[in-house]
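Read in order, the letters of the sequence shown correspond to residues 52 to 384 in the numbering used here.
The beta carbon of each residue, even a glycine, is placed where N, CA and C say it ideally should be.
Shown next, in structure tokens, is the structure this report addresses.
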Amino acid sequence: MIKLGIIGTNWITQRFIDAVKLSQKYELTTVYSRHEETARQFAVKNGASETFTNLDSFFSKGKFDTVYIASPNSLHFEQAEMAIQHGKNLIVEKPAFSTQKQMAKIQKMLAENPQVLYFEAARNIHTENFHAIEKKLGQLQVVQGAEFTYSKYSSRYDLVLQGQEPNVFSLKYAGGALQDLGVYTVYDAVALFGMPEETAYFPQLIRTGVDGKGTAILRYPEYNVTLNFSKISNSHMTSEIYGLKDLIEIDDAGEINAVIYIDDDNNKQVIGNTIDENPMLPEVEDFARVIDDPKNSQNKKDYDYWLQLSVYVNKLIYNLRQAAHISFVGEKK
52 MIKLGIIGTN WITQRFIDAV KLSQKYELTT VYSRHEETAR QFAVKNGASE TFTNLDSFFS
112 KGKFDTVYIA SPNSLHFEQA EMAIQHGKNL IVEKPAFSTQ KQMAKIQKML AENPQVLYFE
172 AARNIHTENF HAIEKKLGQL QVVQGAEFTY SKYSSRYDLV LQGQEPNVFS LKYAGGALQD
232 LGVYTVYDAV ALFGMPEETA YFPQLIRTGV DGKGTAILRY PEYNVTLNFS KISNSHMTSE
292 IYGLKDLIEI DDAGEINAVI YIDDDNNKQV IGNTIDENPM LPEVEDFARV IDDPKNSQNK
352 KDYDYWLQLS VYVNKLIYNL RQAAHISFVG EKK
């Protein structure tokens, strides 16, 4: 049983813990929050045995071997460093890190501490539906690009309209649409098509200075891939991967709850329609599989692939952000 500690007690952490319980492969032992009452309430609700409000004590005294980091984006890097220094496996909520320099430092630390495993919690690429897309993509005779859309209005934007600055819309906390929903579309593109040769990003900036929505264009040798994402508007547009006359249709690039193949004659075949009990369950089970048996050849292959994907995604997001002249507060390039 993997002993789990958590940093962050928000809704996504609760969903992660619910997935952990379903997997029956982890035991939540330790909760960190800046506020003692918040930590205590989360621990009582989820059966954790200890709480901390000091990070040093959390890492040095906590009875866990793997930590899930779901703090504001700008805090991920420092907390990941501490985890590696204390020999803890780490699962970092996406986007794991904000700059290539941070990613390179983590890679160096992982190389120096080979017993520590690192995962970025990009749940969409671990689902059966995504694997169905990968398989069908490999069967297309011609590929002519794709459009991935993931747009969901954030209730936190109501606060922005009221003059406030919640973390997800703050340059101080490395917020914005690209850093949030955009990560899913970037993972889709990189996992399915690799790294592009050229990129461009056209953001719609909001009052706080972050991108509330945006469109990114990724240029590959023979086609383009377009990414559309927003936290300040909704969209019901499907995502599509284009063959010659055929295509793969996806309900949206983040949830991937329905995948349909449409052939040359407009016949439709459902190739993915399994809605998981919890959308984070597949990644939770994948991470547990590797943590429990890291030397297994398939597990090692998967782990190396996920790590390389994380590096590529970090690089691509950073390049898109720099091209759009979006810099975070205190950012060191």
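query	result
8 angstroms CB neighbourhood of Ile-307 in its chain, flanking five on each side removed	Asn-175, Thr-178, Asn-180, Phe-181, Ile-184, Ile-301 and Gly-323
Own chain partners of Ile-368 with C-beta closer than 8 angstroms, once the 5 adjacent residues on each side are dropped	Pro-146, Leu-229, Gln-230, Gly-233, Val-234 and Val-237
Validate contact between the stretch 363-379 and the stretch 250-267 using beta carbons, cut 8 angstroms, 3 pairs	yes
Rounded C-alpha distance that separates Ser-281 from Tyr-201	7 angstroms
Contacts around Lys-223, its chain only, beta-carbon distance under 6 angstroms, and the 5 residues preceding and following it disregarded	Val-380
Secondary structure of Val-321, DSSP reduced to three states	strand
Sub-8 angstroms separation of Val-82 and Ala-70 beta-carbons	no
Continuous alpha helix (DSSP H) stretch holding Asp-262: start and end	Taken as a continuous stretch (DSSP letters only), Asp-262 belongs to no alpha helix (DSSP H), being part of the beta strand (DSSP E) at 262-270.
With 16 other Cβ atoms within 10 Å as the buried cut-off, status of Tyr-204	exposed
Inter-residue Cα distance where the pair is Asp-337 and Lys-352	12 angstroms
Best match in Ser-221, Glu-198 and Ala-197 for proximity to Tyr-208 [C-alpha to C-alpha]	Ser-221
Those residues which DSSP pairs with Gln-255 across a bridge	Lys-264
Simplified DSSP state of Glu-132, which is helix, strand or coil	helix
Met-52 classed as buried or exposed, judged by whether at least 16 other C-beta atoms fall within 10 angstroms	exposed
Below-8 angstroms beta-carbon distance, Ile-283 vs any chain C residue	The structure shown contains no chain C; it holds only a single protein chain.
Inter-stretch contact (C-beta, 8 angstroms, three-pair minimum) for the stretch 151-165 and the stretch 354-374	yes
CB contact flag (Gly-98, Leu-79, <8 angstroms)	yes
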